[in-house]
Structure formats: structure tokens, C-alpha cells
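Trainee: For the sequence shown, my numbering gives the first residue as 1, with consecutive numbering after it.
C-beta: ideal position from N, C-alpha, C; glycine also.
None of the values given here were measured: they were computed from a predicted structure.
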Amino acid sequence: MIITIVGADGTGKSTQVRRLHAYLRQSGAAVSLIDKWDVLDADQNTECRFIQSDRLDIARCIAEMPDDARAFFLFWMMGIGLKSVSDAPDPRTIHLIDGYWQKHAVSEMVLGSPTEWVMGLVSIFPQSDLVIFLDAPVDVSAVRKDGDYSLYECGLDPSRSVAAFRRHQSGIRARLQAMAADEGWHRIDASRSADAVERDIRAVVDDTLRGRAATPSSAD
1 MIITIVGADG TGKSTQVRRL HAYLRQSGAA VSLIDKWDVL DADQNTECRF
51 IQSDRLDIAR CIAEMPDDAR AFFLFWMMGI GLKSVSDAPD PRTIHLIDGY
101 WQKHAVSEMV LGSPTEWVMG LVSIFPQSDL VIFLDAPVDV SAVRKDGDYS
151 LYECGLDPSR SVAAFRRHQS GIRARLQAMA ADEGWHRIDA SRSADAVERD
201 IRAVVDDTLR GRAATPSSAD
């Protein structure tokens, strides 16, 4: 089972993924975290041992890549992390993903990559069984980031200003909102406290797991 938490930058995705991971482990579930940065773990992914740069330097290089190459590289990173889905010894394992392909797909679309091309790339990835969309006004996200905006988060605008962040993130949010409506994602108001958001996420996940448990074929 794949559970994805998506949202624009500054909506609390990483925090909530960590909290949900801890909650599910405490409940006794088999659970794994999937992250595109798993490529930095050469012990786990020996085919990535050629990567010698650290996370910060890779993030800078990604922002400098041509559009098509950047998208390919980001989705390659995610593909490496997804090995744990097929390699999981227990088919009932819950795989948690921060952003998955959705976040980077809409980012690349906002940056100018054709929608059909991007969606064609991500079509090879396994589908999420549950997508939770953390939605918050861009002004709220900007305050939370407290001026710590990366070049990628600012739409590659070298100023890395709050205006650039708001502009790019507004485009991301709009596309995620449209995708959420089309795909039936669970939207959660992420402008509230982390504890309030966590309670809502737990309720959605618990309800989903109860539904799957009631279906005999859900673990197949």
C-alpha cells in the first residue's frame, strides 16, 4: 500500500510524513519511508555509489539542469526509492512517500515542461492507494519558510525572494488543487497547527486501513 502526502513547499509534508510513520509503527504496522534522497545511501542502493556530492550540492545542481534533464533526474531519484515497494518482504507493508511524483510533476509543469510529456514520464510509477493533499495559502507557507527559500522553490528565480517563492508556489498550489479535484484526493487544511493536521491525517489513514482490512483481497 502506498500512502502519499503532497502539498506545495512549506505546507508541512515532511513533518507529517515523519509523524505518520511513527504513529503507524506504534500501531504495529509494517511501514517504510520512501524518499528520493535514498540515492545518497550507497549501502542500500549500491548502484548509486557514483554519487559523491552531498544533498545540498545535488539540490543546487538540479536547479542548474536544463528542464528536460532535470525532470528525468528527479524521477530517476524517485524510481530508485521505489525499489523498496517491490522488494518489501511483507505485501501488507505501508509505504509512505513525501510528495511522490505529484509534487515534482506539477513543479516541472509550472516551470514550462509540457503536461503530456511529464505525465507520460510518471505513468510508469505505481499508483498511490491514498493521497493526502496538505493545502495552505502561499502566504502561510512563505512565513513558515522564514526566508529560507531554495532556488527550485522559487521557480529558478536567482533572487530567491519572497515574491519569487509566492509566485512559483501559487502555480504549484493551483495545479495540485486541480489534480486533487480530478483524482479525489483527501484535502486537509494545512494552515492550522501541526497537531491539528496530524489528527486529521490519522483519521483519514485509520478509516482507509479499516476499509482495506474489511476487503479480503486488500493484502494481495
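Out of 19, 209, 100 and 215, which has the shortest C-alpha to C-alpha gap to residue 8?
Mentor: Here the closest residue by C-alpha is 100.
Trainee: Measure from the alpha carbon of residue 71 to the alpha carbon of each residue in 12, 158, 86 and 114, then state which is nearest.
Mentor: Selected option, being the one with the closest Cα: 114.
Trainee: Given a cut-off of 8 Å on the beta-carbon distance, is the pair residue 63 and residue 152 in contact?
Mentor: Contact flag set, yes.
Trainee: Could you tell me if residue 124 is buried or exposed, where buried requires 16 or more neighbouring beta carbons within 10 angstroms of its beta carbon?
Mentor: So residue 124 counts as exposed.
Trainee: Count the other CB atoms within 10 Å of the CB of residue 116; is the residue buried (16 or more) or exposed (fewer)?
Mentor: The residue in question, residue 116, is exposed, as its Cβ has fewer than 16 Cβ neighbours within 10 Å.
Trainee: Can you tell me whether residue 6 is buried or exposed? The criterion is at least 16 other CB atoms within 10 Å of its CB, across all chains shown.
Mentor: So residue 6 counts as buried.
Trainee: Note down the Cα distance separating residue 11 from residue 137, rounded to an integer number of angstroms.
Mentor: C-alpha separation (whole angstroms): 9 Å.
Trainee: Taking DSSP as the reference, what is the three-state secondary structure of residue 192?
Mentor: Residue 192: coil per DSSP, three-state reduction.
Trainee: Have a look at the DSSP bridge pairing and note the partners of residue 175.
Mentor: BP columns for residue 175 are empty, so no partner.
Trainee: So residue 155 and residue 144 are supposed to be a Cβ contact under 8 Å. How far apart are they, rounded?
Mentor: With a Cβ gap of about 18 Å, residue 155 and residue 144 do not count as contacting.
Trainee: What is the DSSP secondary structure of residue 166, counted as helix, strand or coil?
Mentor: Looking at residue 166 - three-state DSSP - the assignment turns out to be helix.
Trainee: Would residue 128 pass as a contact of residue 34 if the rule is Cβ separation under 8 Å?
Mentor: Cβ atoms of residue 128 and residue 34: not closer than 8 Å.
Trainee: Buried or exposed: residue 37, going by 16 or more other Cβ atoms within 10 Å of its Cβ?
Mentor: Residue 37 is exposed by the Cβ-count criterion.
Trainee: For my contact list, residue 201 and residue 16 are in at a C-beta cut-off of 8 Å; report their separation, rounded to the angstrom.
Mentor: Contact flag correct, Cβ pair sits at about 6 Å.
Trainee: Assign residue 49 to one of three DSSP states: helix, strand, or coil.
Mentor: In this structure, residue 49 counts as coil in the three-state DSSP scheme.
Trainee: Kindly list the residues whose CB is nearer than 6 Å to the CB of residue 180, restricted to its own chain and excluding five residues on each side of it in sequence; keep chain order.
Mentor: Cβ neighbours of residue 180 beyond the five flanking positions: 133 and 187.
Trainee: Report the rounded CA-to-CA distance for residue 20 versus residue 163, giving the unit in angstroms.
Mentor: Approximately 32 Å, taken between the alpha carbons.
Trainee: What is the rounded straight-line gap between the Cα of residue 165 and the Cα of residue 142?
Mentor: Going by the C-alpha atoms only, they are around 7 Å apart.
Trainee: Could you pull out every unbroken beta strand (DSSP E) segment of at least 3 residues lying fully inside the segment 91 to 172, listed in chain order?
Mentor: Runs of the beta strand (DSSP E) inside the segment 91 to 172: 94 to 98 and 130 to 135.
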